[in-house]
Amino acid sequence: MPYGCYLRRRVPATVGAMGETITFLGLESSCDDTAAAVVRLRDGRAEILSSVVAGQVALHADFGGVVPELAARAHVEKLDLCVEEALDQAGLTLENMDGIAVTAGPGLIGGVMAGVMCAKGLAAGAGLPLVGVNHLAGHALTPRLTDGLAFPYLMLLVSGGHCQFLIVRGPEEFSRLGGTIDDAPGEAFDKTAKLLGLPQPGGPAVEAEARAGDPRRIAFPRPLLDRPGCDMSFSGLKTALLRARDAAMAEAGGLTRQDRADLCAGFQAAVADVLAEKSRRALKLLGEAYGNDMEAIQTPYVNQNGQEYAPVLAVAGGVAANSVIRAALERVCDEAGARFLAPPLKLCTDNAAMIAWAGIERFRIGGRDGMDLAARPRWPLDQHAAPMLGAGKRGAKA
Amino acid sequence: MAKGQAERLMPLLEELLAEAGATWRDLDAVAVGIGPGNFTGIRISVAAARGLALSLHIPAIGVGTLEALALDLPRPVLAVTDARRGEVYAQGFGAGPAEPRLMTAEALVADLPPGLALVGDGAAVLQALRPDLRDLPPARPFAEALARIAAARLASGEPQPRPAPLYLRSADAAPAADPPPVLLP
Chain Y
52 MPYGCYLRRR VPATVGAMGE TITFLGLESS CDDTAAAVVR LRDGRAEILS
102 SVVAGQVALH ADFGGVVPEL AARAHVEKLD LCVEEALDQA GLTLENMDGI
152 AVTAGPGLIG GVMAGVMCAK GLAAGAGLPL VGVNHLAGHA LTPRLTDGLA
202 FPYLMLLVSG GHCQFLIVRG PEEFSRLGGT IDDAPGEAFD KTAKLLGLPQ
252 PGGPAVEAEA RAGDPRRIAF PRPLLDRPGC DMSFSGLKTA LLRARDAAMA
302 EAGGLTRQDR ADLCAGFQAA VADVLAEKSR RALKLLGEAY GNDMEAIQTP
352 YVNQNGQEYA PVLAVAGGVA ANSVIRAALE RVCDEAGARF LAPPLKLCTD
402 NAAMIAWAGI ERFRIGGRDG MDLAARPRWP LDQHAAPMLG AGKRGAKA
Chain L
477 MAKGQAERLM PLLEELLAEA GATWRDLDAV AVGIGPGNFT GIRISVAAAR
527 GLALSLHIPA IGVGTLEALA LDLPRPVLAV TDARRGEVYA QGFGAGPAEP
577 RLMTAEALVA DLPPGLALVG DGAAVLQALR PDLRDLPPAR PFAEALARIA
627 AARLASGEPQ PRPAPLYLRS ADAAPAADPP PVLLP
């Protein structure tokens with residue numbers, strides 16, 4: 052059912068209480084960005100005092116993807132430098148921190164381990180609490196860092212490594228409604244760019260190329276739309292793209308610029324359609340999860356009309372930067388009477404501000420970790436949901 | 477310890493300090509082995525040491541594992557550890573390669589003087605090819621050797637670079653194989 056009528060609730064859009072101040076250093080090193088940030092919660096408002104990200108795009112450029120060993124090698128020598136820069140930019144020292152938050156998984160284990168060990172060294176030496184953070188919780192809680200969004204809300208996490216719908220109910224309370232059963236869309240964009248001779252990262256390159264393309268010329272499948280629920284699949288799109296490319300090349304002995312643009316446009320439209328339809332279903336499931344009690348799922352926000360209330364679909368992850376996908380999601384939200392919320396791009400992609408913030412959120416409800424904190428390559432956010440990926444001896448990936 | 481180093485390292489250090497009646501704040505520097513050796517193990521200790529150095533405002537001093545093995549042994553001696561895949565990490569003190577090297581055992585033994593003393597778990601690999609080489613136990617426990625070498629460097633008063641892992645072996649990454657498509661004009 053559409054969320055037509057807006058009920059009024061008198062809840063301020065803030066996190067925490069007046070007079071409460073918590074300052075955290077955050078560290079992130081789970082993929083190919085080394086990052087450190089200082090975030091402060093004061094009087095119910097979050098403020099990013101600094102956010103430093105040292106990327107590794109050039110390091111992996113020749114390999115067509117992130118090489119875990121190369122990433123780990125870079126992280127271990129950059130983490131403390133990023134921390135120093137983040138503290139400098141914030142004009143603070145470790146003595147001013149209330150705790151240290153670090154990504155403890157999921158991710159490339161060599162990098163996660165480097166981050167966890169650096170954080171342990173910092174926490175031990177400075178005598179500060181250590182808080183291990185799930186990288187996905189960092190993304191999922193970002194709308195509270197940027198917009199003070201109240202629980203619950205719907206989150207679409209869509210990046211190079213992840214794709215899932217979550218109901219975010221609390222700092223450590225997530226219900227997964229569905230997600231990809233194979234590749235993440237960001238990975239598919241990268242592969243598309245690679246197959247078409249476009250530069251990495253593939254997302255921006257494919258989007259730029261698609262502007263001159265006709266999304267209807269080459270037919271791409273819309274995987275899993277014929278099945279109920281919010282699960283998705285993107286690996287078939289890569290195969291479809293490869294076949295369409297090879298067919299075009301077999302015909303003419305090569306690819307024209309127009310072929311390439313049309314392939315990009317067709318692929319992008321398929322991803323956008325799948326994400327849009329699954330978002331529509333996820334919004335419906337959000338309502339059903341709360342017995343269609345509109346008041347329970349509406350979140351206050353301020354717009355030009357003053358304070359309004361609506362259910363929220365928030366996005367995070369690099370794929371959320373794609374303007375065609377974003378427009379499709381905005382349309383879905385408009386139709387459903389929901390509000391679409393996308394944090395600024397630099398907080399959508401991997402960063403340490405979200406880790407510092409998730410650390411503050413955990414810390415506020417008593418979350419602490421010991422010096423035996425383990426780095427976890429796999430760590431599903433919703434521990435109760437059935438595993439969708441990699442349910443083997445190593446445990447569920449997502 | 478094959479697994480669990482990342483979980484065990486900091487509690488172990490805290491136990492060690494407590495046993496010595498000391499706290500983190502009593503330290504003047506942190507010594508850390510930089511390898512060559514197990515990549516993940518080296519990164520675990522280097523990352524922790526750099527974090528400790530930053531929070532304690534003291535230097536972290538990186539010490540080569542081969543140099544630590546050879547500490548206080550009579551010269552000449554060759555420190556050698558098993559790098560697997562038929563290779564060894566080696567550093568000579570008075571004989572053999574002066575800087576840490578990754579080599580095949582065959583190439584290494586070709587230039588070693590008769591009866592040379594060896595230290596480290598690579599000794600057996602070399603002795604299989606050259607039975608004349610002698611195997612010595614280290615003179616000091618390994619972590620103690622790291623700390624002694626670092627203490628001497630700290631006392632020298634010279635600025636100490638941040639410790640960085642010494643891998644010697646490259647990351648085994650192959651460039652992307654698929655050629656990009658031919659673009660028609």
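Top line first, the protein sequences correspond to chains Y and L.
Heads up, our numbering is the position in the first sequence plus 51, with the first residue counted as 1.
Heads up, our numbering is the position in the second sequence plus 476, with the first residue counted as 1.
C-beta: ideal position from N, C-alpha, C; glycine also.
Item, Value
"Give the DSSP-derived three-state secondary structure of L143 (chain Y) in the structure shown.", "coil"
"I need the boundaries of the beta strand (DSSP E) containing D84 (chain Y), first residue and last residue.", "84-93"
"Considering only residues of the same chain and omitting the five flanking positions on each side of V134 (chain Y), which have a CB-CB separation below 6 Å?", "A87"
"Does chain L have any CB closer than 8 Å to the CB of R308 (chain Y)?", "yes"
"Could you tell me whether the Cβ of A546 (chain L) comes closer than 8 Å to any Cβ of chain Y?", "no"
"Provide the residue(s) that pair with F391 (chain Y) in DSSP beta bridges, ordered along the chain.", "Y:L364"
"Exposed or buried, what is A525 (chain L) when buried is set at 16 or more other beta-carbons lying within 10 Å of its beta-carbon?", "buried"
"Using CA coordinates, which residue listed in Y:G305, Y:G158, Y:A298, Y:N356 is at the minimum distance from R427 (chain Y)?", "Y:G158"
"Count Cβ pairs between the stretch 300-319 of chain Y and the stretch 356-371 of chain Y that sit closer than 8 Å; are there 3 or more?", "no"
"Rounded to whole angstroms, how far is the Cβ of A377 (chain Y) from the Cβ of A393 (chain Y), which I believe are closer than 8 Å?", "The sequence given here has Arg at residue 377 (chain Y), not Ala. Indeed they touch by this definition, with Cβ atoms about 6 Å apart."
"I'd like to know if S531 (chain L) contacts chain Y, where contact means its C-beta is closer than 8 Å to some C-beta of that chain.", "yes"
"Return the bridge partner residues of I534 (chain L) from the DSSP annotation.", "DSSP, once it has assigned bridges, lists no residue as partnering I534 (chain L)."
"Identify whether E563 (chain L) lies in helix, strand or coil by the three-state DSSP scheme.", "strand"
"Nearest-angstrom Cα distance between L58 (chain Y) and R96 (chain Y)?", "Its pLDDT being 39, under 50, L58 (chain Y) is placed unreliably by the model, and nothing is read from it."
"Determine the DSSP secondary structure at R195 (chain Y), reduced to helix, strand or coil.", "helix"
"Name the chain L residues that come within less than 9 Å of L380 (chain Y), Cβ to Cβ?", "What L380 (chain Y) touches in chain L: nothing, since even the nearest Cβ is about 31 Å away."
"Going by DSSP, what residues sit across from N185 (chain Y) in a beta bridge?", "Y:G156"
"Comparing the C-beta of D131 (chain Y) with each C-beta of chain L, is any distance below 8 Å?", "yes"
"Would you please verify whether the beta carbon of G527 (chain L) is less than 8 Å from any beta carbon of chain Y?", "yes"
"Just the Cα atoms here: how many angstroms apart are L246 (chain Y) and P657 (chain L)?", "7 Å"
"Against chain L, which members of the stretch 415-427 of chain Y pass a CB distance test of less than 7 Å?", "M422, D423, A425, A426"
"Is DSSP giving L605 (chain L) helix, strand or coil here?", "helix"
"Label F240 (chain Y) either buried or exposed according to how many other C-beta atoms from any shown protein chain fall within 10 Å of its C-beta, with 16 as the threshold for buried.", "buried"
"Tell me, to the nearest whole angstrom, how far the beta carbon of I348 (chain Y) is from that of L337 (chain Y); I am working on the premise that it is less than 8 Å.", "6 Å"
"Tell me the rounded alpha-carbon separation between G540 (chain L) and L642 (chain L).", "8 Å"
"Nearest-angstrom Cα distance between A652 (chain L) and S210 (chain Y)?", "22 Å"
"Less than 8 Å between the beta carbons of I510 (chain L) and L630 (chain L), yes or no?", "no"
"To the nearest angstrom, how far is it from the Cα of F271 (chain Y) to the Cα of V366 (chain Y)?", "24 Å"
"Which residue wins for smallest C-alpha separation from R382 (chain Y), given the options Y:G317, Y:R331, Y:A403, Y:A244?", "Y:R331"
"Interface residues of chain L around E120 (chain Y) at Cβ under 8 Å?", "F515, A647, D648, A649"
"Name the residue from Y:A295, Y:G305, Y:A291, Y:C281 whose alpha carbon lies nearest to the alpha carbon of A327 (chain Y).", "Y:C281"
"Taking Cβ-Cβ distances shorter than 9 Å, what residues in chain Y pair up with A652 (chain L)?", "D113, F114, G115, G116, K245"
"Answer yes or no: do A137 (chain Y) and G162 (chain Y) have a C-beta to C-beta separation smaller than 8 Å?", "no"
"Contact between the stretch 188-202 of chain Y and the stretch 401-414 of chain Y: three or more CB pairs below 8 Å?", "yes"
"Report yes if the CB atom of Y565 (chain L) is closer than 8 Å to the CB atom of L485 (chain L), and no otherwise.", "no"
"How about V108 (chain Y): is its C-beta nearer than 8 Å to some C-beta of chain L?", "no"
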